[in-house]
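Taking it in order: structure first as structure tokens, then the write-up.
Protein chains: 2
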Amino acid sequence: MSVANLPQSLRITLVGSGQVATHLGLAFAQAGHQVVGVYSRQLAHAIVLANQLPPAIATNNLDFRNQPACDIYLVSVSDAAVASVIAEAQFPLGSYVVHTSGSLPVTVLARPDLELRTGVFYPIQTFSRNQPVNLATTPIALEAAEPALTTLLQQLAASISQQVIFMAGPDRKKLHLAAVFACNFTNHLLGISREILLKNNLEPGLLNPLIRATLEKSFSADPFTVQTGPAMRGDANILQEHLQMLAPEPLYQQVYGVLSESIQAKK
Amino acid sequence: MSVANLPQSLRITLVGSGQVATHLGLAFAQAGHQVVGVYSRQLAHAIVLANQLPPAIATNNLDFRNQPACDIYLVSVSDAAVASVIAEAQFPLGSYVVHTSGSLPVTVLARPDLELRTGVFYPIQTFSRNQPVNLATTPIALEAAEPALTTLLQQLAASISQQVIFMAGPDRKKLHLAAVFACNFTNHLLGISREILLKNNLEPGLLNPLIRATLEKSFSADPFTVQTGPAMRGDANILQEHLQMLAPEPLYQQVYGVLSESIQAKK
């Protein structure tokens, strides 16, 4: 496929049917592309997603040579499963195959016997069941070696997002590590906070303005420069008291201890 | 002071001139109250705030008996300093004195010799220099034993915030502990995330949509039920790789390790 004859509407096969595949598949369809196939190891899962993306065909067969032809295979299974899926799959010779992982190198897709043209389509976002995501404002980090695939991914990404960037594998890994701190870990802390409130019959919404202010501040200032709280103040009495209050939850004590130490080390 | 003759405009002395005193003092003045005095151990600091609140008088003298009369003394110094400030201070007999701490019991203000009427005025918010705060949407947690002080605090709080609640000391402590997780710790993680991006010449704004989505999700769902990421998926390869990438920062490795462990324990 050359740039000149790149179709406006692409045909896509989703290899995977989890949250990332679901949100991207729906966004692709809404942008006028056609999802022609959905693979899942569990056929029932593939059917659920394919039914949302007519006329997509569900399959649990990794031999794609006899399935509907498409412009691009989007591999969106868990990081740990990508290598085995690729090892087992049969694609038409020379297919365009990309994964959606923040962590995996593009080389995990290598299948020299199939002459695959490979790349990465990584939406910098968190996807959960039944939680709408604004993909238009979600940056999409792309990687591709071949110019034709570069153009294809650029077109596909730009059709669903306003912010498309190219990023080499090592940078994407660093970005993903940063995202784990900014998203996975903060989310867990928000869960601990909510649990403490609920266990004590306190309305969880009471902290929403504080949470909102904390995150809004992080957009306008270096968080290290606006750190507040007992660890920052070096208030040993309060730190000790909080650790005692957490005694029934030794892991939360550890979380509290190491984060307080890290805050004090940054003073 | 009885409920009947409660003035619409209160006269307030700020004992302390830090971020909480500053933000509250400005909000009180805007709500039509009069800040008559600002105390700081360092007179220069008291002057800076008093100058923003004319005709407030700055002082570094804890004997308030000869200073401008007021309806309420708001003690807003660091938690660790409250007890010594109260021990040293001289207030007119029977004064209304409240602190703004989430952690300290109201009893830290006890001065039976002065017959103080004591309470708590705790804004559930994070305050940093030069960072505007929307106090109108900030819940204010009050505590007071005496009905007249209850009424006074209710009036003062309602004049600057739409959400005023009464909360006993032990509940306020639990709320404060939850706030440390939801605010202080998340802020530190956002700082680590930003540092990783900047050190690798990646645009920190790339993660803003992700951070925003994480926060918005926490308002509509239990964060534990929408947890994503390598720890949640049990992806040992990625966890190991991330720990290796963090090798130059042993404390960040510890933060990563204990939070990943805590996420996995909640699965």
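Chains as they are written, first to last, in my numbering: chain A, 1 to 267; chain B, 1001 to 1267.
C-beta atoms are modelled at their ideal positions from N, C-alpha and C, and glycine is treated no differently.
By the 10 Å Cβ neighbour count, where 16 or more other Cβ atoms means buried, how is residue i classified, buried or exposed?
{"i": "phenylalanine 181 of chain A", "result": "buried"}
{"i": "glutamine 278 of chain A", "result": "Since the first residue shown for chain A is 1 and the last is 267, residue 278 of chain A is missing from the structure and cannot be characterised."}
{"i": "leucine 109 of chain A", "result": "buried"}
{"i": "proline 1112 of chain B", "result": "exposed"}
{"i": "threonine 138 of chain A", "result": "buried"}
{"i": "threonine 225 of chain A", "result": "exposed"}
{"i": "arginine 1172 of chain B", "result": "buried"}
{"i": "alanine 1265 of chain B", "result": "exposed"}
{"i": "serine 1101 of chain B", "result": "buried"}
{"i": "aspartate 71 of chain A", "result": "buried"}
{"i": "glycine 119 of chain A", "result": "buried"}
{"i": "glycine 37 of chain A", "result": "buried"}
{"i": "asparagine 1237 of chain B", "result": "exposed"}
{"i": "glutamate 195 of chain A", "result": "buried"}
{"i": "alanine 56 of chain A", "result": "buried"}
{"i": "alanine 21 of chain A", "result": "buried"}
{"i": "methionine 1152 of chain B", "result": "Reading off the sequence shown, one finds leucine at residue 1152 of chain B, where the question assumed methionine. By the neighbour-count rule (16 or more Cβ atoms within 10 Å), leucine 1152 of chain B is buried."}
{"i": "leucine 93 of chain A", "result": "exposed"}
Could you check the C-alpha separation between residue i and residue j for me, to the nearest Å?
{"i": "leucine 1197 of chain B", "j": "isoleucine 165 of chain A", "result": "15 Å"}
{"i": "leucine 1239 of chain B", "j": "leucine 156 of chain A", "result": "30 Å"}
{"i": "leucine 1246 of chain B", "j": "phenylalanine 1185 of chain B", "result": "19 Å"}
{"i": "glutamine 1019 of chain B", "j": "asparagine 130 of chain A", "result": "40 Å"}
{"i": "phenylalanine 189 of chain A", "j": "leucine 135 of chain A", "result": "Per the sequence presented here, residue 189 of chain A reads as leucine, with phenylalanine not at that position. If I take the Cα positions, the gap works out to 25 Å."}
{"i": "alanine 1144 of chain B", "j": "lysine 217 of chain A", "result": "32 Å"}
{"i": "histidine 99 of chain A", "j": "serine 1078 of chain B", "result": "51 Å"}
{"i": "glycine 234 of chain A", "j": "asparagine 208 of chain A", "result": "25 Å"}
{"i": "valine 35 of chain A", "j": "threonine 1214 of chain B", "result": "28 Å"}
{"i": "leucine 1053 of chain B", "j": "glycine 1025 of chain B", "result": "7 Å"}
{"i": "glutamine 67 of chain A", "j": "alanine 179 of chain A", "result": "36 Å"}
{"i": "glycine 1205 of chain B", "j": "proline 223 of chain A", "result": "13 Å"}
{"i": "proline 1230 of chain B", "j": "proline 1170 of chain B", "result": "37 Å"}
{"i": "threonine 150 of chain A", "j": "arginine 117 of chain A", "result": "10 Å"}
{"i": "phenylalanine 1219 of chain B", "j": "arginine 212 of chain A", "result": "10 Å"}
{"i": "glutamate 1241 of chain B", "j": "glutamate 1088 of chain B", "result": "55 Å"}
{"i": "phenylalanine 64 of chain A", "j": "leucine 74 of chain A", "result": "12 Å"}
{"i": "alanine 50 of chain A", "j": "leucine 1202 of chain B", "result": "36 Å"}
{"i": "alanine 1058 of chain B", "j": "alanine 221 of chain A", "result": "30 Å"}
{"i": "leucine 62 of chain A", "j": "leucine 14 of chain A", "result": "11 Å"}
{"i": "glutamate 249 of chain A", "j": "lysine 199 of chain A", "result": "13 Å"}
{"i": "alanine 1162 of chain B", "j": "glutamate 1146 of chain B", "result": "Per the sequence shown, residue 1162 of chain B should be read as glutamine rather than alanine. Roughly 23 Å separates the two Cα atoms."}
{"i": "isoleucine 1069 of chain B", "j": "leucine 259 of chain A", "result": "Going by the sequence as given, residue 1069 of chain B is alanine instead of isoleucine. Using only the alpha carbons, I get a separation of about 44 Å."}
{"i": "isoleucine 1086 of chain B", "j": "glutamate 1261 of chain B", "result": "43 Å"}
{"i": "glutamine 1154 of chain B", "j": "glutamine 154 of chain A", "result": "57 Å"}
Ordered along the chain, which non-local residues of its own chain (more than five positions away) have a Cβ less than 8 Å from that of residue i?
{"i": "isoleucine 1192 of chain B", "result": "Tyr1252, Val1255"}
{"i": "asparagine 1060 of chain B", "result": "Tyr1039, Ser1040, Arg1041, Gln1042, Leu1043, Ala1046"}
{"i": "histidine 1033 of chain B", "result": "Ser1009, Leu1010, Arg1011, Ile1012, Leu1156, Ser1159"}
{"i": "leucine 243 of chain A", "result": "Gln253, Tyr256, Gly257"}
{"i": "alanine 31 of chain A", "result": "Ser159, Ile160"}
{"i": "valine 48 of chain A", "result": "Ser17"}
{"i": "asparagine 1187 of chain B", "result": "Thr1126"}
{"i": "proline 311 of chain A", "result": "Here chain A has residues from 1 to 267 only, and residue 311 of chain A is not among them."}
By Cβ distance below 6 Å, which residues in the same chain neighbour residue i in space, the five residues on each side in sequence not counted?
{"i": "methionine 232 of chain A", "result": "Ile263"}
{"i": "glycine 1016 of chain B", "result": "Ser1076, Val1077"}
{"i": "methionine 167 of chain A", "result": "Ala141"}
{"i": "cysteine 1183 of chain B", "result": "Thr1126"}
Please look up how many angstroms separate the CB atoms of residue i and residue j, rounded, as I've assumed it's under 8 Å.
{"i": "isoleucine 124 of chain A", "j": "leucine 1210 of chain B", "result": "6 Å"}
{"i": "valine 106 of chain A", "j": "histidine 23 of chain A", "result": "Contact doesn't hold; Cβ gap of about 22 Å is too wide."}
{"i": "threonine 228 of chain A", "j": "phenylalanine 1127 of chain B", "result": "7 Å"}
{"i": "valine 1097 of chain B", "j": "phenylalanine 1091 of chain B", "result": "6 Å"}
{"i": "tyrosine 1122 of chain B", "j": "alanine 1148 of chain B", "result": "Actually they do not touch by this definition, with Cβ atoms about 20 Å apart."}
{"i": "serine 84 of chain A", "j": "leucine 114 of chain A", "result": "About 16 Å; that fails the 8 Å criterion."}
Can you find the residues in the same chain that come closer than 7 Å, C-beta to C-beta, to residue i, ignoring five residues on each side of it along the sequence?
{"i": "serine 1103 of chain B", "result": "Asp1079, Lys1173, His1176"}
{"i": "lysine 267 of chain A", "result": "Met232"}
Item checked: Contained alpha helix (DSSP H) runs [length at least 4] in the segment 1154 to 1217 of chain B, N- to C-terminal order -> 1169 to 1179, 1186 to 1199
Checklist line | Every unbroken beta strand (DSSP E) within the segment 99 to 161 of chain A, with a cutoff of 3 residues, ordered by chain | finding: 117 to 123, 140 to 144
Checklist line | Contacting positions in the segment 1121 to 1133 of chain B - beta carbon closer than 9 Å to chain D | finding: No chain D is part of this structure, whose protein chains are labelled A and B.
Next item on the list: Can you check the segment 220 to 250 of chain A for any alpha helix (DSSP H) of at least 4 residues that lies completely inside it and give the ranges in chain order?
Entry: 230 to 233, 236 to 245
Checklist line | Entirely enclosed alpha helix (DSSP H) segments - the segment 1001 to 1065 of chain B, minimum 4 residues | finding: 1019 to 1030, 1043 to 1051
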